[in-house]
Amino acid sequence: MRKDSLISLFCLTLFALTGCMSSNSQKAMQYKADKQVATFGGGCFWCTEAVFELVEGVEDVVSGYSGGATLNPTYEDICTGQTGHAEVIKIT
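Numbering (the working numbering), first residue to last: 34 to 125.
Now the structure itself:
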């Protein structure tokens, strides 16, 4: 009985916290509207990522792949040159 009560309390708390996390306040919506995102392909994402991380105003730089036919390619897959993907960075 005690175990069931603890599980129920945990689920109820989790449900309540989920509602708190999805903030749609005007301030939050305005911030999202002002943020811009750009994606660049520069040959080697390691080099371009390092440069953009130093630029004032850049919040985040994420490296990845664009294009190609392979679903969820690894770095090793890309290095073969057979997937058709390009190395890119997404800048926020």
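For every residue, glycine included, the Cβ atom is placed at its ideal position computed from N, Cα and C.
>> For residue 68 and residue 82, I'd like the C-alpha separation in whole angstroms.
In response: 19 Å
> Per DSSP, residue 121 is paired with what?
Replying inline: 74 and 97
>> Taking the alpha helix (DSSP H) that residue 89 belongs to, which residues open and close that run?
In response: Counting along the chain, residue 89 falls outside any alpha helix (DSSP H), and DSSP gives it neither H nor E.
> Taking all protein chains shown into account, do 16 or more other C-beta atoms lie within 10 angstroms of the C-beta of residue 84, making it buried, or fewer, making it exposed?
Replying inline: exposed
> What residue from 80, 98, 90 and 87 has the CA that sits closest to residue 72's CA?
Replying inline: 98
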